[in-house]
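Going by this note's numbering, the first residue of the sequence shown is number 205, and it counts up by one from there.
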Amino acid sequence: MNLVNALMRKLTLSEYFLFFKVFILAITARALLKIIPFKKIIFILNKILILHRVRPCPDAPDKKFEKVIAKLKLKQPKVLNCFSISIAMWYFLKKEGYPVNIVVGLRKDELGMLKGHSWLYMNKEPYLIDENMVSLYTIFKFNIVYE
């Protein structure tokens with residue numbers, strides 16, 4: 205039994221469904237980013253959000269989002285990237301009514317090569333990412349909201 209299977213067994217039924225919805229949207233977003241500009245994808249997702257009734261959100265997100273992101277990061281190197289995960293989690297957190305934004309940052313690695321990373325900000329603070337890691341990047345897009 206591998207690590208992913210062991211972790212998947214610890215998900216509740218609602219977390220399991222959220223995981224697969226986010227996973228499918230992340231894979232779709234990754235494929236769409238090859239043919240459709242990012243702004244257009246966010247525009248389409250915002251139109252879908254309008255059709256849904258956004259629920260009033262509690263002060264802090266449910267732990268299910270933290271668990272789902274942790275599971276997605278295990279699959280990330282093979283199938284997903286941080287940008288597609290950020291888009292998918294942005295959509296589902298927005299759907300729940302949370303004030304979340306996508307952030308993209310750049311840094312140079314040891315060899316001088318540019319490296320990019322994407323994560324979420326909620327209430328103007330990094331969401332589920334270490335502040336020390338955030339400080340390594342120069343944010344070149346922030347507060348990406350198309351409402």
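A virtual CB, placed ideally from N, CA and C, is assigned to each residue, including glycine.
Is any non-hydrogen atom of the ligand GTP found closer than 7 angstroms to the C-beta of residue i, if you look at the structure I gave you?
i, result
"THR216", "The ligand GTP is not part of this structure, which contains no ligands at all."
Between the beta-carbon of residue i and the beta-carbon of residue j, is there less than 8 angstroms?
i, j, result
"ALA292", "LEU229", "yes"
"PHE296", "VAL226", "yes"
"TYR220", "PRO265", "no"
"LEU215", "LYS271", "yes"
Excluding the five sequence neighbours on either side, which residues of its own chain have a C-beta within less than 6 angstroms of the C-beta of residue i, listed in chain order?
i, result
"ILE343", "VAL307 and GLY309"
"ILE240", "none"
"ILE289", "ALA230 and LEU276"
Who are the near neighbours of residue i in its chain, counting only those whose CB is closer than 8 angstroms to its CB and skipping five residues on each side?
i, result
"ILE245", "ALA233, LEU236, LEU237 and ILE291"
"TYR350", "Residue placement at TYR350 is poorly supported in this model, since its pLDDT is 47, which falls under 50; the coordinates are not used for a value here."
"LYS319", "LEU310, ARG311, LYS312 and ASP313"
"HIS256", "LYS299"
By alpha-carbon positions, which one of the options ends up nearest to residue i?
i, options, result
"LYS299", "VAL283, LEU332, LEU217 and ILE252", "ILE252"
"MET337", "TRP323, PHE247 and LEU297", "TRP323"
"ASP313", "LEU276, PRO303 and TYR341", "TYR341"
"ASN285", "ILE239, PHE224, LYS214 and ILE231", "ILE231"
"MET326", "GLY316, LEU217, TRP294 and ARG311", "TRP294"
"ARG311", "SER339, ASP334, ILE289 and LEU332", "SER339"
"PRO330", "ASN305, LEU315 and MET317", "ASN305"
Based on the DSSP secondary-structure assignment, which residues constitute the bridge partners of residue i?
i, result
"MET326", "VAL304 and GLU329"
"GLY320", "LEU310"
Kindly give me the distance between the Cβ atoms of residue i and residue j, rounded to whole angstroms, as I take these residues to be in contact under 8 angstroms.
i, j, result
"LYS268", "LEU222", "6 angstroms"
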